[in-house]
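Beneath this line is the structure, given in structure tokens, with notes to follow.
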Amino acid sequence: MSIFILILSVFFTFYSCNSHKNAVDNSGKYKLSLKNAFKDNFYIGTALNAWQITGRQPEELKVATQNFNSIVAENIMKSAQIQPKEGKFNFELADKFVKLGEENDMHIHGHTLIWHSQAPDWFFTGKDGNTVSEEVLIQRIRDHIHTVVGRYKGRVHSWDVVNEAIEDDGSYRDSKFYQILGEDFIKLAFEFAHEADPEAKLYYNDYSMAVPEKRRGVVRMVERLKNDNVQIDGIGMQGHIGLKHPDIMEFEKSLEAYGNLVKVMITELDLSVLPSPWGDAGAEISDNYEYDDKMNPFPDELPAYVEKQFTKRYVEFFELFLKHHDKIERVTLWGVNDGNSWKNNWPVRGRIDYPLLFDRKNQAKPVVNELITLAEVK
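Residue numbers (UniProt numbering): 1 to 378.
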């Protein structure tokens, strides 16, 4: 009997030690999540789609809540989705999105209030079928912003008030908003958003923000707003980057220029490994191209040598973000994993891309450990 007890004692001691070891390992993994690694520098965020918000992709949602402390809705808060008909608002998914963020103690960002690309047609058209007057459009902008921002007052912490209003040459985009109201539509949108929630942070967001001409145009626009005492708290630099574009030195120049005016957000960050039809970093969503095998070089998996380039490029950009962490409030990835990235279908439908930090099986790529190590060293 004593020998049997001795054997049991040894067994349970061994089991206990291994259980303790596993507990320590799990704790260590938790401590090395992305959000914990960067918590002293900036929010690390991700965009959520409707399936994730409604719980239809629980594994992806688990990745999001474990690794990110800020969320933005990919599409459901854009004006065409949230007010498809005048005065008919659909807040079902937006409410779930905000509740999800609150339940997980996350920074919640609203995207986007005024954007030409996904604005409903009724915004600009009267009952007679003609273009509306200045007065009518101003009232519609006011009503939309007051209703949406007002509903989430004190709950949504920041908003992209205006999205993509400046062309790459620095001029104003010739959108319906601009055609009817001129550049004043930007000022009005920020004023209405501030009226609806005086505590919310208000941002301007755009792509190709490293282009020198665009940089100058955005700086002029923001300086004009500030001179008119309009509240603008930050600029979102969309991070739709590739292996060779944009030039990281130009990106830094823009980051510094914007950071001298307001805070900077790195938004919509993804790194395409695929060739671009036009060879630059533009993100004009209306541009689409026919499928061609040469534009889809990695249909089955990403070669190891490309994975190394991918990791190196991400690390270079995060080194830049950490260098300027005093200017940056948030770095947000545009999606949770490769499988639900918009880059698989844009600008060429049917392609397979690998632009995010987690693969299609929700596993962290090698770049994740590299970024965590970088944050610890810094």
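Quick reminder that beta carbons are idealized off the backbone N, C-alpha and C, glycines included.
Check: Decide if residue 373 is buried, meaning its Cβ has at least 16 other Cβ atoms within 10 Å, or exposed.; Outcome: exposed
Check: Which ranges does the beta strand (DSSP E) cover as unbroken runs of at least 3 residues, wholly within the stretch 184–259, from first to last along the chain?; Outcome: 201–206, 234–242
Check: Can you name the residues that DSSP bridges to residue 266?; Outcome: 237, 331
Check: Can you find the residues in the same chain that come closer than 6 Å, C-beta to C-beta, to residue 162, ignoring five residues on each side of it along the sequence?; Outcome: 114, 186, 189, 204
Check: Nearest to residue 112 by CA position, among 90, 317, 80, 294, is which residue?; Outcome: 80
Check: Would you call the stretch 213–221 and the stretch 245–261 touching, i.e. three or more CB-CB distances under 8 Å?; Outcome: yes
Check: Leaving out five residues on either side along the sequence, give the residues of the same chain with a beta carbon under 6 Å from the beta carbon of residue 164.; Outcome: 206
Check: Compute the beta-carbon to beta-carbon distance between residue 306 and residue 318, rounded to the nearest angstrom, for a pair I have assumed lies under 8 Å.; Outcome: About 19 Å separates the two Cβ atoms, so there is no contact after all.
Check: Which term fits residue 106, buried or exposed, when burial requires 16 or more other beta carbons within 10 angstroms of its beta carbon?; Outcome: buried
Check: Who are the near neighbours of residue 154 in its chain, counting only those whose CB is closer than 6 Å to its CB and skipping five residues on each side?; Outcome: none
Check: Which residue from 200, 139, 314 puts its Cα closest to that of residue 159?; Outcome: 200
Check: Give the single residue among 277, 127, 269 whose Cα lies nearest to the Cα of residue 321.; Outcome: 269
Check: Is the beta carbon of residue 337 less than 8 Å from the beta carbon of residue 356?; Outcome: yes
Check: Are there three or more Cβ pairs, one per stretch, closer than 8 Å when the stretch 87–105 is compared with the stretch 65–75?; Outcome: yes
Check: Which residues bound the alpha helix (DSSP H) around residue 65?; Outcome: 58–67
Check: Please report the distance separating the alpha-carbon of residue 178 from that of residue 184.; Outcome: 8 Å
Check: Taking the C-alpha atoms as reference points, what is the distance between residue 50 and residue 167?; Outcome: 30 Å
Check: Excluding five sequence neighbours on each side, which residues of the same chain lie with their C-beta closer than 7 Å to the C-beta of residue 232?; Outcome: 190, 202, 204, 222, 225, 226, 262
Check: Do residue 46 and residue 335 count as a contact pair if the criterion is CB distance below 8 Å?; Outcome: yes
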